[in-house]
Each structure stands twice: as structure tokens, then as C-alpha cells.
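K.L.:
Protein sequences appear in the order of chains A and B. Counting along the first sequence from 1, when you hit position 224 you're at 224 in this note's numbering, and nothing is skipped either side. Counting along the second sequence from 1, when you hit position 172 you're at 1172 in this note's numbering, and nothing is skipped either side. From the three backbone atoms N, C-alpha and C, an ideal C-beta is built for every residue, glycine too. Got a structure for you, questions after.
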Amino acid sequence: MKNTAFAAVSAVALACAAPATAGPEAEVLHWWTSGGEAKSAAVLQQEFADNGGTWTDMPVAGGGGDAAMTALRARVLSGNAPTAVQLKGPAIQEWYEEGVLADISSVAETEGWADVLPGSIAEHMKCEGKWCAAPVNVHRVDWIWANAALLEANGIEMPQTWEDFNAAADKLMEAGITPLAHGGQAWQDATVFEAVALGILGPEDFRKAFVDLDMDTLKSDKMAAVFDQMRKMRGYVDANFPGRDWNLATSMVMNGEAAFQIMGDWAKGEFLAAGKEPGKDFLCASVPGDGFLYNVDSFAMFEVDGEDKQAGQDLLAKLIVGPKFQEVFNLNKGSIPARVDVKLDAFDTCAHLSAKDMGDSADNGSLLPSYAHGMALRGAQAGAITDVVTAHFNSDMSSAEAVQMLADAVANSL
Amino acid sequence: MTEWLERHIPKMVLAPSFAAVLVFVYGFIAWTAWVSLTRSRLLPKYEIDGLIQYERLFNAPRWDTAMSNLFVFGTLFILISMVLGLMLAILLDQKIRTEGVLRTIYLYPMALSLIVTGTAWKWIMNPGLGLEAMVRGWGFESFTFDWVINPDKAIYAVVIAGVWQASGFVMALFLAGLRGVDGEIIKAAQVDGIPAWRIYTAIIIPSMAPIFLSAFIVLAHLAIKSFDLVIALTGGGPGYATDLPATYMYTMAFSRGDIGQAASSAMVMMGVVFAIIVPYLYSELRAKHD
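Here it is in C-alpha cells:
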């Protein structure tokens, strides 16, 4: 309340002193530096400038955001936080607990965010009931991509169950085709693992295991079954998978060297960039099982001093969730808009499927955060789980051992 | 006045670097030790909470892997680099004509960044691209060299790349040592008709003991702080099979927002370094007093 009053006063002050001040200012820390992502960031920058703002770009590339987080820590410790920072998932609340996030509820209420964002995604943007971050997009993680020609040549349909998948993979193995394109990096192992886990555990137990860290579920027989399936998956990848980047795995599917890939919808960008058509050259489907795993990029707003910066923060928050930016940005990035009222005419069929499933799963409570992409758990816990997943995938550990290790690792990380 | 200056200038010149070392080395060691006793996650916190981070550290299977990797990598890396370096030095010491050129060739890997070494060896050892594919291409279909992707063998692949990088440098050290041995003794031995191998094992190598110690110290600290080689060669994988304490610490501090855990692993690493350095310093100091 105090903040709103202050903002109102400062807005008046700003209006009176207009010629003397620079107008809204924002310094934005992000790691969208590669091709399509940089283009997407430029869209926001342009729109901000069109609304009279001054944008100070602070891109920090490297390590999937690790470098940016290091820069952020240094800035916060020196008492000079950027206006807005690309942050996601529980990291937002983790920073809030350090007492450095700003309250942007006034913007959220004026713009009616609560009405246009799916409930579980909106929850990620709130810190103790107050809005403190703005969502940019929704990536779906539990996709399975396939080479259409290979499937047709071998008489295979998109799998509806994991048994179907295993049968299809065995058939492809006999035909001398690598069934699963995969890159042996820990986060990719984790991506496949959570897709399998969602299918085998079902949405309810997935939430118990990877959101609530319920020990009984983590140690359950169903979890052992998830590891059994992971062992099968290990047999379906080619010998050269260790260390391979995800986009190289995607091009294996594109070039017909492999039939399937389990990866988030950023893989679609690779297919589209290579001039492939969804439904014709490549197929997209959700992995066998119910539910929807989301990975939502967002900007957290940090506490800043000065009217120009606060005005910039409010303007930025408004633009990010605005329908125009959500449409243009997500067309570039391959994801779908976080707000549900954006027209999807310009989007492709995979995005339509994603948006429809998001709506359905939001209604029946199976819209779930991705653990592998840092939406469900904090870094230490998610990392502990990934350690076990990747150790199991890259060795001959039994499922029973893996389940025990999983429970121990989670307990040790708390 | 001049006398006063003479007496105090050395102190004044040394004072800034002394102060800098005091703060930036010992000060931050103390800071890390403090943080390792707290529950710091994303940002450092200062409420001491006992040895919780060390308990977590020693309960983590990944840390076990990192420590045993350090042991395997350290031992093999130091041993093979020294043996290979010594052999190269002895062979180069036979007064051959192209010594200058050969010496440069062997020393050159040391001039490369470990990132370059790691990336090059990653490709050389990749079964689908490098050595294995090449030999199979020659018709030896059963040839297998997949260490870099085999979790049980990957650490040995790191040793290969490390040895390739460091053995030329060790060779240069030993070559300097060989040249420093008194030629008169060797000539006297030759006059007495002692075979060449005996001259090496009984005279030359024992008189090079200080060089062995220097080589050991240099290689040991290279092994313990080894980070970029693993990152470039295997990224710590497959899984975390080639994790070293340094990569573990980096992951905890910068990827997982677990600063307390990172600090405790850094303290243990420092303990390992001390275990090697302190006896060395002790022997050095004692030698001076004698």
C-alpha cells in the first residue's frame, strides 16, 4: 500500500519534472544471447523503447545461466541489483527470501494477470501472495519428436504407452536404426527421466515425488519401475551419445539417423530453422502418459531505488505480459504464450497441441512444473536427484540401488 | 636519514604485497572456513551451524567419486609424466643434432591452454570420430577405444590428455637437471668402464633429487587444481564419472546455489594441498637451518 502511494506520488513528481528526467529506465540481466533467443530479446527491447523507456542491456552468456547468476550475486551483494533479471521457478522465491525482490502487484492487478495466467503458473510469479515476477512463455518439456519418414517406412505409430514405445524401439533396432537420439549430459538425462516418470508415476505421484519430495513415493516400487524403463532407454541410444549437445541429437532425428527424441519444445526451433514442416517431415506428441510439464521463463523484479527505475520496472512488467509481446516473442522462441487469451493463428500445429493440453491439464490438476529445468525444486535438491539419475543411466546400477540412492541423496540435500 | 631509509625501504616496498596476500589469500581462506560452517545457500550467511556441511559432503556419493578420481588421476598423472619426461630427457641428452627442434616440439603442448588440449583429445578419443573410427576404417573392425565414453575408464582418458600436456614440461625440467650434473664425475665413471645404465641409475638420477621434488610439487598442484581439462574433455561425465573436487566445488557454488557445501569442499581440497605442501616446506626449512 505504501509502495502504491509512493508510486503515485512519484508518478506525479515525474510528470511535473518530465523535461528534466530521462523517463522509465530498466537494466535487464538475461542470457538470451544465441540466435533465436537474442532476436526474441530484441523484440522486448524495441517495444520498451517505443514506450519511451531507456533499456540498458546486460546479457551474460555461458553455462545455461550460471554465469548470469554469478553476476547477479555480485550485483546484489554490492547493493546495486539490476531492475529485472531472467529467473525462473523456485529461484524466484529463493531470492525473495534474501529480501531483494520488489512488489509489482499494482501492475499485475491493473493488467488483470490473475485472469489470464493459468493458476499454477501464476503461483510461481508470487512471493508470499504478492506478485514479484512476470512470465514470458511456457515451454513444454514432455515432448517426443519423431522423424515422420522413418516411422512410416517401419510401420510405426506415435507411441501411446511406454510398452508401445519399447515395441517400436525394438523394431527400429532390428532395422538397424537408432531408436532414441539423446545427448549424454546430466540435464538431458534428467529431461528423459522426468518424461518417463510422468508417464509411469502419473501426475499425482509425480507431484508427490518431485514437488513435495515425499520419501514414500521416492522409494516406491513405481519409482523402481521408472528406473527400469530408464535402463531400457539406455539400450536405445547409440554408442556415441556421451557429451552430445541436444541440438545435435535433434539433427539426428532430422537426418533420419534416429527416430525419436525426448526434449522440450526448443527442439522445434531446430526443426523449423532447418525448413522442416510439423506433421509432414517431423511429428510432435506428448510423451506417453497424462499431464503437462512446463518450463516457464520469467523476469523477477528486484528492489531498485529511484523513480525512473521503478517506472521502468512497472512498464517492463506490463509489456512482458502484454499480448503483443507474448505473441511475437513466442513465435520466435518456439514456446507458447503464458497468457491464455492470445490468438494462436500464427502458431504451428505443435503449439496448438501444447496450448490445448495446457488448458486441459490446468483444469484437471495435471499441469506440473518440470524438475529437470529448475521449475519444481531448488538447485540443491534438483541437483541431487539429477546426480542419481545420471549415475544410474551411465552405469549398470540396479533400479533398487537407484531408488535407495535417490532417497538418500534427497535427504542429504535438504 | 639515509640510514633510516636503507633500513626501512625493503619493509615499505614489501608492505603492500604483504597486506594484499594477507587479505586476499589468508583472509579469504578464513572467510571460506567460516562459510563452510554455516547453512549458506544462494548468498553467504554467517550464523555458524556446526559441521553440517562436512557431514553432507562425506555422505554424498558424488564427492566420493570426485575424491577417488583425484587419487587415481593424481597418482597416474604424476607418475607417468615423470617417467615419460625422464625418458625423453635422457634420450634428448645424447648430444643429438636436432635437439633444439625436438625439445621445442615436446615442450609445445605446455604452451596450449588445457581447454584446447581437452577439446582436441575429446575428438581424438571419441569412438565415432577419432582413433577408433580411423582404425576401424583401415579394416580392423574389432578395434575398440571407447575410454572417454565408458564411465569406468573415462578418468584414464583424462590422464592421457593430462600426461600429453605435462610430460614435455617435465622433460625440460629433467633436461636442465641432467645438464647440471658434474661432467667430471661422469667422465671418471666412464674411464672406470662403468656401463651407461649404471651411470644413470647410480650417479645421474640420484644427484637430480631436487629436480624430482620440484617436478613432483608442480605436477601435484596441477593435478589437484585440475578443472578446465575435465570440463573440456568430458564435462565431468559420463554421468559424474570424471568429477574432480574442483568441478564438484564449482557445481555446488555456481550451478546449485549451495555455497556452504562448496565452501566445505574447498576446505577439504585445501587440506589435501597442505598434506603435500607442508612436508615439503618443512624439509626445505630444516635444510636451511642445517
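Just how far apart, CA to CA, sit Ser-1167 of chain B and Ala-134 of chain A?
P.N.:
Indexing the second sequence from 1 puts residue 1167 of chain B at position 167. Indexing the first sequence from 1 puts residue 134 of chain A at position 134. Cα-Cα distance, rounded: 54 Å.
K.L.:
Distance cutoff 7 Å, beta carbons only. Does Asn-394 of chain A sit that close to anything in chain B?
P.N.:
Working through the first sequence from its first residue, we reach residue 394 of chain A at position 394. At least one chain B Cβ lies under 7 Å of Asn-394 of chain A.
K.L.:
CB Ile-1211 of chain B to CB Gly-1183 of chain B, shorter than 7 Å?
P.N.:
Locating residue 1211 of chain B in the second sequence gives position 211, where the first residue counts as 1. Locating residue 1183 of chain B in the second sequence gives position 183, where the first residue counts as 1. No, Cβ-Cβ distance for Ile-1211 of chain B and Gly-1183 of chain B is not below 7 Å.
K.L.:
To the nearest angstrom, report how far apart Val-1013 of chain B and Ala-391 of chain A are at their CA atoms.
P.N.:
For this step, residue 1013 of chain B is matched to residue 13 along the second sequence. For this step, residue 391 of chain A is matched to residue 391 along the first sequence. If you take the alpha carbons of Val-1013 of chain B and Ala-391 of chain A, they lie about 54 Å apart.
K.L.:
Relative to the C-alpha of Leu-29 of chain A, which residue among A:Ser-78, A:Gln-46 and A:Gln-86 is closest?
P.N.:
Taking the first sequence and counting its residues from 1, the one referred to as residue 29 of chain A is at position 29. Checking every option, the nearest Cα to that of Leu-29 of chain A belongs to A:Gln-86.
K.L.:
Roughly how many angstroms lie between the CA atoms of Asn-255 of chain A and Phe-1174 of chain B, to the nearest whole one?
P.N.:
One-based indexing of the first sequence puts residue 255 of chain A at position 255. One-based indexing of the second sequence puts residue 1174 of chain B at position 174. Rounded to the nearest angstrom, the two C-alpha atoms are 53 Å apart.
K.L.:
Taking the straight line between their C-alpha atoms, what separation do you get for Phe-299 of chain A and Gly-1128 of chain B?
P.N.:
By 1-based counting over the first sequence, the position of residue 299 of chain A is 299. By 1-based counting over the second sequence, the position of residue 1128 of chain B is 128. So the two alpha carbons sit approximately 41 Å from each other.
K.L.:
Measuring CA to CA, which of B:Leu-1285, B:Gln-1261 and B:Thr-1251 is closest to Asp-66 of chain A?
P.N.:
The residue you call residue 66 of chain A lines up with position 66 of the first sequence. Considering only alpha carbons, the answer is B:Thr-1251.
K.L.:
Considering only C-alpha positions, which residue in the set B:Pro-1010, B:Gly-1137 and B:Phe-1169 is nearest to Ile-1078 of chain B?
P.N.:
What you label residue 1078 of chain B is simply residue 78 of the second sequence in a count that begins at 1. It is B:Phe-1169.
K.L.:
Relative to the alpha-carbon of Val-43 of chain A, which residue among A:Asn-364, A:Ile-320 and A:Ala-411 has its alpha-carbon at the smallest distance?
P.N.:
Locating residue 43 of chain A in the first sequence gives position 43, where the first residue counts as 1. It is A:Ile-320 whose Cα lies nearest to the Cα of Val-43 of chain A.
K.L.:
Can you pull out the residues from the region 1161-1192 of chain B whose beta carbon lies closer than 7 Å to at least one beta carbon of chain A?
P.N.:
So nothing in the stretch comes that close.
K.L.:
At least one CB of chain B closer than 7 Å to the CB of Gly-99 of chain A: is that the case?
P.N.:
As a position in the first sequence, residue 99 of chain A is number 99, starting the count at 1. Chain B, which has no Cβ nearer than 7 Å to the Cβ of Gly-99 of chain A, makes this no.
K.L.:
Check the DSSP bridge columns for Trp-145 of chain A and list the partner residues they point to.
P.N.:
Translated into the one-based positions of the first sequence, residue 145 of chain A becomes position 145. A:Gln-261 and A:Cys-284, per the DSSP bridge assignment.
K.L.:
Grab me the residues of Thr-1234 of chain B's own chain with a C-beta within less than 6 Å of its C-beta, minus the 5 sequence neighbours each way, in chain order.
P.N.:
In the second sequence, residue 1234 of chain B corresponds to position 234, counting from 1. Excluding residues within five positions, the ones whose Cβ falls inside 6 Å are Ala-1154 and Thr-1242.
K.L.:
Put Ser-1036 of chain B into one of helix, strand or coil per three-state DSSP.
P.N.:
By 1-based counting over the second sequence, the position of residue 1036 of chain B is 36. Residue state, collapsed to three classes: coil.
K.L.:
In whole angstroms, what separates the C-alpha of Thr-161 of chain A from that of Val-287 of chain A?
P.N.:
Against the first sequence, residue 161 of chain A aligns to sequence position 161. Against the first sequence, residue 287 of chain A aligns to sequence position 287. So the alpha carbons of these two residues sit roughly 8 Å apart.
K.L.:
So Phe-1028 of chain B contacts chain A; which residues on that side make the cut at Cβ distance below 7 Å?
P.N.:
Working through the second sequence from its first residue, we reach residue 1028 of chain B at position 28. Within chain A, no residue comes near Phe-1028 of chain B; the closest Cβ sits about 14 Å away, beyond 7 Å.
K.L.:
Would you call the region 1020-1034 of chain B and the region 1091-1101 of chain B touching, i.e. three or more CB-CB distances under 8 Å?
P.N.:
The region 1020-1034 of chain B vs the region 1091-1101 of chain B: no contact.
K.L.:
Using beta carbons (cut-off 7 Å, strictly below), is Leu-414 of chain A in contact with chain B?
P.N.:
For this step, residue 414 of chain A is matched to residue 414 along the first sequence. By this cut-off, Leu-414 of chain A is not an interface position.
K.L.:
When you compare the CB of Leu-1043 of chain B with every CB in chain A, is at least one pair closer than 7 Å?
P.N.:
Your numbering for residue 1043 of chain B matches position 43 in the second sequence. At least one chain A Cβ lies under 7 Å of Leu-1043 of chain B.
K.L.:
Assign Gly-312 of chain A to buried or exposed, taking buried as 16 or more other Cβ atoms, counted over all protein chains shown, within 10 Å of its Cβ.
P.N.:
Taking the first sequence and counting its residues from 1, the one referred to as residue 312 of chain A is at position 312. Looking at its Cβ environment, which holds 16 or more other Cβ atoms inside 10 Å, Gly-312 of chain A is buried.
K.L.:
Is Ala-184 of chain A close to chain B? Criterion is C-beta to C-beta, closer than 7 Å.
P.N.:
Position 184 of the first sequence, counted from the start, is the residue given in the question as residue 184 of chain A. Strictly speaking, residue 184 of chain A in this sequence is Gly, with Ala absent from that position. By this cut-off, Gly-184 of chain A is an interface position.
K.L.:
Are there 16 or more other CB atoms within 10 angstroms of the CB of Phe-1071 of chain B, so buried, or fewer, so exposed?
P.N.:
Here residue 1071 of chain B refers to the residue found at position 71 when the second sequence is read from its first residue. So Phe-1071 of chain B ends up on the exposed side.
K.L.:
Whole angstroms is fine: what's the gap from Ser-1207 of chain B's alpha carbon to Ala-1019 of chain B's?
P.N.:
Indexing the second sequence from 1 puts residue 1207 of chain B at position 207. Indexing the second sequence from 1 puts residue 1019 of chain B at position 19. Roughly 39 Å between the two C-alpha positions.
K.L.:
Using the Cα positions of Ala-167 of chain A and Val-237 of chain A, report the straight-line distance between them to the nearest angstrom.
P.N.:
In the first sequence, residue 167 of chain A corresponds to position 167, counting from 1. In the first sequence, residue 237 of chain A corresponds to position 237, counting from 1. About 15 Å.
K.L.:
To the nearest angstrom, how far is the alpha carbon of Ala-1181 of chain B from that of Trp-1197 of chain B?
P.N.:
Position 181 of the second sequence, counted from the start, is the residue given in the question as residue 1181 of chain B. Position 197 of the second sequence, counted from the start, is the residue given in the question as residue 1197 of chain B. The question names Ala, but residue 1181 of chain B in the sequence shown is Val. Answer to the nearest angstrom: the Cα atoms are 15 Å apart.
K.L.:
Listed in chain order, which residues of the region 27-44 of chain A have Cβ atoms closer than 9 Å to some Cβ of chain B?
P.N.:
Within the region 27-44 of chain A, no residue has a Cβ that lies closer than 9 Å to any Cβ of chain B.
K.L.:
With H, G and I counted as helix, E and B as strand and the rest as coil, what does DSSP make of Val-237 of chain A?
P.N.:
By 1-based counting over the first sequence, the position of residue 237 of chain A is 237. Looking at Val-237 of chain A - three-state DSSP - the assignment turns out to be coil, as it is neither helix nor strand.
K.L.:
Below 6 Å CB to CB, which residues in the same chain sit around Ser-120 of chain A once its five sequence neighbours on both sides are set aside?
P.N.:
Counting from 1 along the first sequence, the entry for residue 120 of chain A is found at position 120. Here the set comprises Leu-367.
K.L.:
Could you tell me how far apart the beta carbons of Ala-317 of chain A and Ile-177 of chain A are, in whole angstroms, since I believe they sit closer than 8 Å?
P.N.:
Residue 317 of chain A sits at position 317 when you count from the first residue of the first sequence. Residue 177 of chain A sits at position 177 when you count from the first residue of the first sequence. About 48 Å separates the two Cβ atoms, so there is no contact after all.
K.L.:
Given that a residue counts as buried once 16 or more other Cβ atoms are within 10 Å of its Cβ, and exposed if not, what is Asn-364 of chain A?
P.N.:
Here the question's residue 364 of chain A lines up with position 364 in the first sequence. That one is exposed.
K.L.:
Since Pro-135 of chain A sits in a beta bridge, which residues does DSSP pair it with?
P.N.:
Locating residue 135 of chain A in the first sequence gives position 135, where the first residue counts as 1. For Pro-135 of chain A, which the question treats as bridged, DSSP gives the partners A:Ser-298.
K.L.:
Which residues does DSSP pair with Glu-25 of chain A in a beta bridge?
P.N.:
In the first sequence, the residue the question calls residue 25 of chain A occupies position 25. For Glu-25 of chain A, which the question treats as bridged, DSSP gives the partners A:Thr-54.
K.L.:
Using 7 Å as the limit for Cβ to Cβ distance, is Phe-1145 of chain B near chain A?
P.N.:
For the purposes of this step, residue 1145 of chain B is taken as residue 145 along the second sequence, with counting starting at 1. With 7 Å as the cut-off, Phe-1145 of chain B does not count as an interface residue toward chain A.
K.L.:
So is Ile-1105 of chain B buried or exposed if we call it buried at 16+ other beta carbons inside 10 Å?
P.N.:
The count along the second sequence starts at 1 and reaches residue 1105 of chain B at position 105. It counts as exposed.
K.L.:
Are three or more beta carbon pairs between the region 128-146 of chain A and the region 271-283 of chain A nearer than 8 Å?
P.N.:
With a cut-off of 8 Å, the region 271-283 of chain A and the region 128-146 of chain A count as touching, because enough Cβ pairs lie within range.
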